[in-house]
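Engineer:
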Amino acid sequence: MLDFPDTAPFTSEFLQCNNYWIFALGREGDASGRLHFRPNTEISGVPGEWKSVGETGLPPDASRGGKVSPIARIDMDNDVLLAVTRGGLVYRLLNLFSQDPEKFEWRKSWGWPFDHGPQMVVSRGYREICFSSSKEWSTMWTADRDGNRHHRFIDHMYCLSDRDTLIHHNDPWTPGDWDYAFPCPEGGRLLPARGSVPGYTSGINASGGVLGFIAPTGVWTIEYDFDIAGGNPLAEYLPHELPAYEGIAPIVRIEKGSKPIRLPSAPWRSHGTLPGPCTAHIQVSPEWDSFGKVVPGPESRVIRILGLRRDPSAGRGETGYWEKGLAETEWRFVTWNGVAAETVAANLINGRAPEYGPELRSAWRGPLSNGKLRGTASLLDFGPHSNFFEGAQFVAESGGTRGEAEVYTHVQMRTSRAGRALARVRGRRRPSWLGAFLVFPTGDSAGADLLRAACFSKKGERFAGLLIRLGKRKIELIKPLVPLNADIVNWINGLFGRRVAVLRRR
Numbered sequence: 010m011l012d013f014p015d016t017a018p019f020t021s022e023f024l025q026c027n028n029y030w031i032f033a034l035g036r037e038g039d040a041s042g043r044l045h046f047r048p049n050t051e052i053s054g055v056p057g058e059w060k061s062v063g064e065t066g067l068p069p070d071a072s073r074g075g076k077v078s079p080i081a082r083i084d085m086d087n088d089v090l091l092a093v094t095r096g097g098l099v100y101r102l103l104n105l106f107s108q109d110p111e112k113f114e115w116r117k118s119w120g121w122p123f124d125h126g127p128q129m130v131v132s133r134g135y136r137e138i139c140f141s142s143s144k145e146w147s148t149m150w151t152a153d154r155d156g157n158r159h160h161r162f163i164d165h166m167y168c169l170s171d172r173d174t175l176i177h178h179n180d181p182w183t184p185g186d187w188d189y190a191f192p193c194p195e196g197g198r199l200l201p202a203r204g205s206v207p208g209y210t211s212g213i214n215a216s217g218g219v220l221g222f223i224a225p226t227g228v229w230t231i232e233y234d235f236d237i238a239g240g241n242p243l244a245e246y247l248p249h250e251l252p253a254y255e256g257i258a259p260i261v262r263i264e265k266g267s268k269p270i271r272l273p274s275a276p277w278r279s280h281g282t283l284p285g286p287c288t289a290h291i292q293v294s295p296e297w298d299s300f301g302k303v304v305p306g307p308e309s310r311v312i313r314i315l316g317l318r319r320d321p322s323a324g325r326g327e328t329g330y331w332e333k334g335l336a337e338t339e340w341r342f343v344t345w346n347g348v349a350a351e352t353v354a355a356n357l358i359n360g361r362a363p364e365y366g367p368e369l370r371s372a373w374r375g376p377l378s379n380g381k382l383r384g385t386a387s388l389l390d391f392g393p394h395s396n397f398f399e400g401a402q403f404v405a406e407s408g409g410t411r412g413e414a415e416v417y418t419h420v421q422m423r424t425s426r427a428g429r430a431l432a433r434v435r436g437r438r439r440p441s442w443l444g445a446f447l448v449f450p451t452g453d454s455a456g457a458d459l460l461r462a463a464c465f466s467k468k469g470e471r472f473a474g475l476l477i478r479l480g481k482r483k484i485e486l487i488k489p490l491v492p493l494n495a496d497i498v499n500w501i502n503g504l505f506g507r508r509v510a511v512l513r514r515r
């Protein structure tokens, strides 16, 4: 007989749920590493018993002769469950809003083209993997930095790496690697707390495009994914300093009269200090209404932190989790005995010294590349992964005139990993590419005219759309010949795009 919990108020690597179903991963005996499910009766009101997913509880995979390694961990958001085998292979179980289990569908493909690329493999050194799903039938929309709504249709994985201090992310339409990354709070230097309660993700967790982050100094969230980050070549993006507009812009679909998405995306949002005795184990979950339906919108997320509530009269702690909605200001404590009090008490992060990584930003300097100008350019407070929320400062100087502008970077759509392989064959590190907006100062001035001339822009233009080519020892700011935010035209833009400046680290 299968012995799994009938509720999942605080999920883990072996117990996940949405508003219709609960999924559990066997941990002992013949059920070990095999996936089971039952209705989430507490939310949906539908009764039922635990059953195996499919005949074996494993993904069917004809390419491996039907032999799939046991599942090591699961994560779930809305209508998708992510399963990672003990060998690191990634599978997804889809259609989990269906109330008919026969419609559940396993998928192993990942990446370009259109989510039909080779299977994703999670290699050693990447940890705290969490999954997020934002669809028009669940999260429904996001709001950009100006408060304008945009439709959602995107899944995402997030993780931490032992090799750096960044948060890495990946989308099923992009190659199966972890090259996309963005910085932690406090300029990318604050590191997420580590926990050691077995089976529980620590430091970060995600749902509906909202990533939660915990450190001994407090709790943060950010809404960030590939589309919000400016990486969709089918969408139009604009710097948020430009005049406001009205309308709802689709991200994936092209619709008549659609409006641009404002960049940069909103920065990390602080939720204050730790609400009480807390571990590093954080969870971000959808909010469900009284009918068991997902409440739409990015604010409809709940943060939970595994912890204790101290009982001064008894001199001990009551186990459970701290909880609050994203838009709420007050935390509440919910009693739950899913983890032993002694284990929770041994993993509290209150009073720990926060950990910090190295400074990610630096200054770069070089000549302006426009042959009609004689001058220098500087890019201050710039880092390859550090200017998605906080701009770098671009300074152009020529003939006694000085112009200053903000530069915001955004990610590019990548379609393959061939560039990396070719670079390895040649014994060189392949260049990386970012998109960028350089926003000109308002009003007419000699400095603004200099910046426009340096960027090959016309008088009256409010910003320049640029590419940044990141080499090992230099960076190049390029006005692209083909303004498509995708790597399939980088070779053309690298050859025929007009250089704004070639800079080296100071």
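Residue numbers (the working numbering): 10 to 515.
Note that CB positions come from ideal geometry on N, CA and C, so glycine has one too.
This structure is a prediction, so every number in the text was calculated from the model and none was measured.
1. Going by beta carbon distance, what residues of the same chain come within less than 8 Å of N502, once the five residues before and after it are set aside?
2. Can you list the alpha helix (DSSP H) stretches of 4 or more residues lying completely in the segment 192–252, in chain order?
3. In whole angstroms, give me the CA-to-CA distance for D173 and F300.
4. Which class does F505 belong to by DSSP, given the choice of helix, strand or coil?
5. Taking C-alpha atoms, which residue in F449, L479, K481 lies nearest to G469?
6. If you drop the 5 nearest sequence neighbours on each side, which residues of the same chain put their C-beta closer than 7 Å to that of S61?
7. Taking C-beta to C-beta, are L90 and T230 nearer than 8 Å?
8. Is DSSP giving N157 helix, strand or coil here?
9. Among the residues of its own chain, which have a CB less than 6 Å from the CB of D153, if the five just before and after it don't count?
10. By DSSP, does L377 sit in helix, in strand, or in coil?
11. Is the segment 117–125 touching the segment 198–205 in the sense that three or more CB pairs, one from each, lie closer than 8 Å?
12. Closer than 7 Å by C-beta to V131: which residues in its own chain qualify, once you throw out the five before and the five after it? Chain order, please.
13. Can you say whether Q25 is buried or exposed, counting buried as having 16 or more other CB atoms within 10 angstroms of its CB?
14. Whole-angstrom Cβ separation of A405 and A463, contact assumed at under 8 Å?
15. Below 8 Å on the Cβ atoms is my guess for G316 versus V293; work out the distance and round it to an integer in Å.
16. Out of N499, N27, D15, which has the shortest C-alpha to C-alpha gap to V304?
17. Quick one: any contact between the segment 392–405 and the segment 368–375, if contact means 3 or more CB pairs under 8 Å?
18. Buried or exposed: where does F505 fall if 16 or more other Cβ atoms within 10 Å of its Cβ makes it buried?
19. Which class does V498 belong to by DSSP, given the choice of helix, strand or coil?
20. Consult DSSP for V311 and reduce its assignment to one of helix, strand or coil.
21. Using the C-alpha atoms, what's the distance from H178 back to G218?
22. Contact defined as beta carbons within less than 8 Å: I believe I83 pairs with L67. What is the distance between those atoms, to the nearest angstrom?
23. Identify whether T352 lies in helix, strand or coil by the three-state DSSP scheme.
24. Just how far apart, CA to CA, sit G408 and R478?
25. Are the beta-carbon atoms belonging to N494 and P242 less than 8 Å from one another?
26. In this structure, does DSSP put A92 in helix, strand or coil?
27. Using CA coordinates, which residue listed in M129, L447, L169, R95 is at the minimum distance from P273?
28. If you compare alpha carbons, which of W331, G380, A473, V509 is closest to R374?
29. I need the boundaries of the alpha helix (DSSP H) containing E51, first residue and last residue.
30. Are there 16 or more other CB atoms within 10 angstroms of the CB of S454, so buried, or fewer, so exposed?
31. Closest by CA to P284, which one among R411, W182, P225?
32. By the DSSP assignment, the alpha helix (DSSP H) with R82 in it spans what residues?
33. By DSSP's criteria, H178 is part of a beta bridge. Which residues make up the other side?
34. What residue range does the alpha helix (DSSP H) around L388 cover?
35. Mind reading off the beta-carbon distance from W297 to I52? Whole number of angstroms is fine, and I expect it under 8 Å.
36. How many angstroms separate the CA atom of D124 from the CA atom of L357?
Structural biologist: Once the coordinates are examined:
1. L476, I487, P489, L490, V491
2. none
3. 43 Å
4. helix
5. F449
6. R43, H45
7. no
8. coil
9. I270, R271
10. strand
11. no
12. V93, G97, V99, I138
13. buried
14. 5 Å
15. That pair is no contact at about 16 Å.
16. N27
17. yes
18. exposed
19. helix
20. strand
21. 11 Å
22. Rounded, the Cβ-Cβ distance is 12 Å, inconsistent with contact.
23. helix
24. 27 Å
25. yes
26. strand
27. L447
28. V509
29. 50–53
30. exposed
31. P225
32. That residue, R82, is in no alpha helix (DSSP H); its beta strand (DSSP E) goes 80–86.
33. Y167
34. Unbroken run through L388 is the beta strand (DSSP E), 385–391; no alpha helix (DSSP H).
35. 6 Å
36. 40 Å
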